[in-house]
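Asker: The structure's right below; bear with me while I get my questions together.
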Amino acid sequence: MIDSHQKNPDEKPGWADTKGFRNVFLGVLVVAAVGAALAGFVPAFQKDHPHFAAEGFPVFFAIWGFAAFMFIVLAGQHLRKLVGRKEEYYDERE
Amino acid sequence: MNASSLLALFADNPAVILTVGALMCIATPRHLASPILLLATVLSGIKLYTMGLGEYGAIQLFDHKLTTVRLDPLSRLFAIVFHIAAALNIIYAWGPGREGSQSKDSAHSRGGDRAQNFATLAYPAAALGGVLAGDLITLFVWWEIAAITSVFLVWAPGTRATYLAGMRYLSIQIASGVLLLGGIVLLFRETGSLDFGLIGLRDADGAIKLSALFMFLAFGIKSAFPLLHNWVQDAYPKSTISGTIILSIFTTKLAVYSLARAFPGTPELIYIGAVMTIFPIFFALIENDLRKVLTYSINNQVGFMVCAIGLGAINGAAGYAFGNIIFEGLLFMALGTAMYRTGTSKATELGGLYRTMPITMVMCIIGALSISAFPGTLGFVTKGLIIDAAGYQGMFWIWLTLLFASAGVLEHAGIKIPYFTFFAHDSGKRPKDAPLGMMIAMGIAAVLCIGLGVYPEPLYALLPEAEKMADYHPYSAYHIVEQLQLLLWAVLAFAVLIIIKWYPPEIPSTNLDFDWVYRVPGRALTGWISGASRATWNALWAIFSGRIQAVMARIYAVHGPEGQMSRSWPIGFMALWTAVLLAFVLVLSFIASAFTA
């Protein structure tokens, strides 16, 4: 068993590290996401009695999911400036 | 109560069967611990299956009947999933503690010492006992046993850090118990009842009842309400690998059950739950220790359940608790396996493990898909019950918040955990895949995630209000489309952030949370109060000790061996004074008789 931080320079890249896999993954993701958004326009896939007006908008969930994720990551990372300390912070104080 | 009825009382309680199994571990050789624990869990499960709904194990306490076992649809669901979780934990930790482990740190051990083996089942037994309790006294007893037995899991690594964390954990858990006891006493004074049923936070006039408030806070501490939540992040990730998994399941779910039992439809819980779903997302984003990320995930997930209880959606709360125990447990197990093989759970030190741990990776992804509520998983068929409840009640902002939180779950539990453990940057580590016990436990959990996700009817039939499930169809076209839009576009956002390199890098750090208040200034304040008390005492002693010593010296001078009072006197002197006194008494008697005559 090899268990080291030293990488073997002769080792082939793993399947997930190949450009081909990344392109296929991204392609499938884009197609699926666009497909889900388009499905929102199909009347058979819409709620008969939406609870809120927002649910009647065909791509509401797509926009909310994308925006929520972006907000969480882009805004949330700044929390680190406020609460981030070095790893030994509590070790030094307890 | 004679011996046979006492024995029947114990044998009727699955929690007692588990406790006996845990106690047997202490006295038997260590290699027999796992078989004994699993056997006790199976026997307890058989007992649960055969006993049927009803009340058992009645005890007469003065004029009050205590019901030690109440099996109704709500308690049955929690009891079943507690058995599943206990069995999976035992299988996961089966075998020698560190065989194949890459860490010398005892925190990375799977387990193996007697105290931990005992707590592995005694703690779930206590949580089960609480769930089955039909009265508040029985609940309190198991509540406290759960606190005490679980701390052995926090202490299991045996370091100073875990000792301190365990003491903090125990203090908070005991505080919860004291509040519960206070609430029980006040409630008994108000109503004369000890039944563990609907309590409600407010009285008929809308005023908050003090007794209910005490119990609400007691349950709130254990379910980790905002600002009462940090014992989870402080204690859980410091335990051993299997200890953390066990801890992650029972305490918070016992509290969720208690809230569902006593405070269903309490509006305050809607907002508390909504806050709980949101704030951990941001802390999880910036956290480098992935086990700690999952503890923030516990807060977030329990938030969904608390919100559901507030909405009165008990099916949603109980169903999601059932699902969460399985899929969050699976994530903890997969991460624990990676940690077992590499010796670390830090995102900065992991990555690239998919090459040599493909089975664990697949298990982790199944857990991640399930917690994110992708269609076809256990998360999808249970979380929808909660979000729909907010919709049915027309609570737009709560509904929107829960959707936002769902995107957050995807970020930290659905993507961050598998991505940084198995992909991301290559750590260069090439460990073996999971040992057999870990693989079996993860495999069973994964099968449950997918099996009940595709075919949820058996779970729906067990929900506390199963009759309401007749009209609920999770796989309606719009529900699938809505969920896929939400999740796929959130994943797309992640892909965009990675491609344009805006996703924040993981940084080794400690992130301060509310526990900072009692760990740094609180600790300093306690130290200051202690020092000030000592200084005050010393000053007072310095002031008074001189005077006290002077008084003592004077007493000694008078009464000591050389003192005035110790002097020897001539007998004639004493005889003279006796005659004087007698004469005085004689004169007094004469005067007194003259006046009375």
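Going down the list, the sequences are from chains A and B.
The first sequence runs 1 to 94 under my numbering.
The second sequence runs 1001 to 1597 under my numbering.
Glycine is no exception: its CB is placed at the ideal position from the N, C-alpha and C atoms.
I want to verify the contact list: residues of chain A whose CB lies under 7 Å from the CB of residue 1467 of chain B, in sequence order.
Answerer: Here residue 1467 of chain B is taken as the residue at index 467 of the second sequence, counted from 1. Under the 7 Å cutoff, chain A gives no residues; its nearest Cβ is about 22 Å from residue 1467 of chain B.
Asker: Are there three or more Cβ pairs, one per stretch, closer than 8 Å when the segment 1277-1297 of chain B is compared with the segment 1249-1260 of chain B?
Answerer: Too few Cβ pairs lie closer than 8 Å, so no.
Asker: I need the DSSP call for residue 1503 of chain B, collapsed to helix, strand or coil.
Answerer: What you label residue 1503 of chain B is simply residue 503 of the second sequence in a count that begins at 1. Looking at residue 1503 of chain B - three-state DSSP - the assignment turns out to be coil, as it is neither helix nor strand.
Asker: With a floor of 3 residues, list each beta strand (DSSP E) that falls wholly inside the segment 1389-1430 of chain B, ordered by position along the chain.
Answerer: Runs found: none.
Asker: Report the neighbours of residue 49 of chain A on chain B: residues whose CB is nearer than 7 Å to its CB, in chain order.
Answerer: Within the first sequence, numbered from 1, the residue matching residue 49 of chain A stands at position 49. Neighbours of residue 49 of chain A on chain B: none; closest Cβ ~10 Å, over 7 Å.
Asker: Look up residue 1058 of chain B in the DSSP assignment and give the residues it is bridged to.
Answerer: Translated into the one-based positions of the second sequence, residue 1058 of chain B becomes position 58. In the DSSP output, where bridge partners are listed per residue, residue 1058 of chain B has B/1067.
Asker: Using the rule of at least 16 other Cβ atoms within 10 Å of the residue's Cβ for burial, across every protein chain shown, is residue 1263 of chain B buried or exposed?
Answerer: Looking up residue 1263 of chain B in the second sequence gives position 263. Buried, because 16 or more other Cβ atoms sit within 10 Å of the Cβ of residue 1263 of chain B.
Asker: Would the segment 1406-1425 of chain B and the segment 1331-1349 of chain B be scored as touching if the rule is three or more Cβ pairs under 8 Å?
Answerer: Touching, yes, given that three or more Cβ pairs across the two stretches are closer than 8 Å.
Asker: Assess contact between the segment 1008-1021 of chain B and the segment 1112-1132 of chain B, defined as three or more Cβ pairs (one per stretch) separated by less than 8 Å. Is contact present?
Answerer: As far as the Cβ criterion goes, the segment 1008-1021 of chain B touches the segment 1112-1132 of chain B, which means the pair count is three or higher.
Asker: Is the distance from the Cβ of residue 1340 of chain B to the Cβ of residue 1246 of chain B below 8 Å?
Answerer: On the second sequence, position 340 is the one that residue 1340 of chain B refers to. On the second sequence, position 246 is the one that residue 1246 of chain B refers to. No.
Asker: Under 8 Å between beta-carbons, which chain A residues line up against residue 1281 of chain B? List them in chain order, please.
Answerer: On the second sequence, residue 1281 of chain B is found 281 positions in, with the first residue counted as 1. Simply 72 and 76.
Asker: My output table needs one value for residue 1208 of chain B: the three-state DSSP class, helix, strand or coil.
Answerer: Translated into the one-based positions of the second sequence, residue 1208 of chain B becomes position 208. Reduced to three states, the DSSP call for residue 1208 of chain B is strand.
Asker: Can you confirm whether residue 83 of chain A, when its beta carbon is compared against all beta carbons of chain B, has any partner nearer than 8 Å?
Answerer: Numbered from 1 along the first sequence, position 83 holds the residue referred to as residue 83 of chain A. Cβ-Cβ to chain B under 8 Å: yes for residue 83 of chain A.
Asker: In whole angstroms, give me the CA-to-CA distance for residue 1260 of chain B and residue 1317 of chain B.
Answerer: Sequence index remark: in the second sequence, residue 1260 of chain B carries index 260 (1-based). Sequence index remark: in the second sequence, residue 1317 of chain B carries index 317 (1-based). Going from the Cα of residue 1260 of chain B to the Cα of residue 1317 of chain B covers about 8 Å.
Asker: Tell me whether residue 1068 of chain B is buried or exposed, calling it buried when 16 or more other Cβ atoms sit within 10 Å of its Cβ.
Answerer: The residue given as residue 1068 of chain B occupies position 68 in the second sequence. Buried, since its Cβ has 16 or more Cβ neighbours within 10 Å.
Asker: Taking DSSP as the reference, what is the three-state secondary structure of residue 14 of chain A?
Answerer: For the purposes of this step, residue 14 of chain A is identified with residue 14 of the first sequence, where counting begins at 1. Coil.
Asker: Measuring CB to CB, does residue 1308 of chain B end up less than 8 Å from residue 1371 of chain B?
Answerer: As a working note, residue 1308 of chain B is residue 308 in the second sequence. As a working note, residue 1371 of chain B is residue 371 in the second sequence. Not in contact: residue 1308 of chain B and residue 1371 of chain B (Cβ atoms no closer than 8 Å).
Asker: Contact criterion: CB-CB distance below 8 Å. Does residue 28 of chain A meet it with respect to chain B?
Answerer: Your numbering for residue 28 of chain A matches position 28 in the first sequence. Not closer than 8 Å to any Cβ of chain B, the Cβ of residue 28 of chain A fails to qualify, so no.
Asker: Could you name the residues of the same chain whose beta carbon sits closer than 8 Å to that of residue 1425 of chain B, not counting the 5 residues immediately before and after it, in chain order?
Answerer: By one-based count along the second sequence, residue 1425 of chain B stands at place 425. For residue 1425 of chain B, where only same-chain residues beyond five positions count, the Cβ hits under 8 Å are 1351 and 1352.
Asker: Can you list, in chain order, the residues of its chain with a C-beta nearer than 7 Å to that of residue 4 of chain A? Leave out the 5 residues immediately preceding and following it.
Answerer: As a first step, residue 4 of chain A is located in the first sequence; it is residue number 4 there, counting from the start. Low local confidence applies: a pLDDT of 46 at residue 4 of chain A is under 50, so the model's placement there is unreliable, with the coordinate-based value given in what follows. Once the five neighbours on either side are set aside, residue 4 of chain A has no close Cβ partner at all.
Asker: So, does the CB of residue 1497 of chain B fall closer than 8 Å to a CB anywhere in chain D?
Answerer: Note that chain D does not occur in the displayed structure, where the protein chains are A and B.
Asker: What is the C-beta distance between residue 1268 of chain B and residue 1303 of chain B, in whole angstroms, given that I count them as a contact (C-beta under 8 Å)?
Answerer: The residue you call residue 1268 of chain B lines up with position 268 of the second sequence. The residue you call residue 1303 of chain B lines up with position 303 of the second sequence. The Cβ separation is near 13 Å, so there is no contact.
Asker: Straight-line CA distance for residue 1107 of chain B to residue 1490 of chain B?
Answerer: Along the second sequence, read from residue 1 onward, the residue named residue 1107 of chain B stands at position 107. Along the second sequence, read from residue 1 onward, the residue named residue 1490 of chain B stands at position 490. Per-residue confidence for residue 1107 of chain B stands at a pLDDT of 48, beneath the threshold of 50, marking its modelled position as unreliable; the derived number appears in the next sentence. Answer to the nearest angstrom: the Cα atoms are 35 Å apart.
Asker: Mind listing, in chain order, the continuous alpha helix (DSSP H) runs of no fewer than 4 residues lying wholly within the segment 1156-1239 of chain B?
Answerer: The qualifying runs are 1160-1191, 1210-1222 and 1230-1235.
Asker: Does residue 1457 of chain B pass the burial test, meaning 16 or more other C-beta atoms within 10 Å, or should it be called exposed?
Answerer: In the second sequence, counting from the first residue as 1, residue 1457 of chain B sits at position 457. It counts as exposed.
Asker: Using a threshold of 8 Å, state whether the C-beta atoms of residue 1170 of chain B and residue 1040 of chain B are closer than that.
Answerer: Taking the second sequence and counting its residues from 1, one reaches residue 1170 of chain B at position 170. Taking the second sequence and counting its residues from 1, one reaches residue 1040 of chain B at position 40. In this structure, residue 1040 of chain B does not lie closer than 8 Å to residue 1170 of chain B by Cβ.
Asker: Run through DSSP, which three-state label would residue 1028 of chain B get?
Answerer: For the purposes of this step, residue 1028 of chain B is taken as the residue at position 28 of the second sequence. If DSSP states are grouped into helix, strand and coil, residue 1028 of chain B belongs with coil.
Asker: Helix, strand or coil for residue 84 of chain A, going by three-state DSSP, please let me know.
Answerer: Residue numbering aside, residue 84 of chain A sits at position 84 when the first sequence is read from its first letter. The answer is strand: DSSP assigns residue 84 of chain A an E or B state.
Asker: Which term fits residue 93 of chain A, buried or exposed, when burial requires 16 or more other beta carbons within 10 angstroms of its beta carbon?
Answerer: Start at 1 with the first residue of the first sequence, and residue 93 of chain A comes out as number 93. By the neighbour-count rule (16 or more Cβ atoms within 10 Å), residue 93 of chain A is not buried but exposed.
Asker: Any idea what DSSP makes of residue 1471 of chain B, helix, strand or coil?
Answerer: The residue you call residue 1471 of chain B lines up with position 471 of the second sequence. Note: residue 1471 of chain B maps to helix in three-state DSSP.
Asker: Could you give the residue range of the alpha helix (DSSP H) that holds residue 48 of chain A?
Answerer: Sequence index remark: in the first sequence, residue 48 of chain A carries index 48 (1-based). From DSSP, residue 48 of chain A is part of no alpha helix (DSSP H); its letter is neither H nor E.
Asker: Could you tell me whether the Cβ atoms of residue 1272 of chain B and residue 1306 of chain B are closer together than 8 Å?
Answerer: The count along the second sequence starts at 1 and reaches residue 1272 of chain B at position 272. The count along the second sequence starts at 1 and reaches residue 1306 of chain B at position 306. Their beta carbons are under 8 Å apart, which means residue 1272 of chain B touches residue 1306 of chain B by this criterion.
Asker: Could you spell out the range, first to last residue, of the alpha helix (DSSP H) harbouring residue 92 of chain A?
Answerer: By 1-based counting over the first sequence, the position of residue 92 of chain A is 92. Residue 92 of chain A -> no alpha helix (DSSP H), and no H or E assigned at all.
Asker: What residues in its chain sit with their C-beta under 6 Å from that of residue 1369 of chain B, if we drop five residues either side in the sequence?
Answerer: Reading the second sequence from its first residue, position 369 is the one you call residue 1369 of chain B. Closer than 6 Å at the Cβ level, and outside the excluded window around residue 1369 of chain B, lie 1377.
Asker: Just checking my contact of residue 1221 of chain B with residue 1176 of chain B at CB under 8 Å: how many whole Å lie between their CB atoms?
Answerer: Position 221 of the second sequence, counted from the first residue, corresponds to residue 1221 of chain B. Position 176 of the second sequence, counted from the first residue, corresponds to residue 1176 of chain B. Confirmed, about 4 Å.
Asker: Could you give the first and the last residue of the continuous alpha helix (DSSP H) run that contains residue 1343 of chain B?
Answerer: By 1-based counting over the second sequence, the position of residue 1343 of chain B is 343. Per DSSP, residue 1343 of chain B belongs to no alpha helix (DSSP H) and is neither H nor E.
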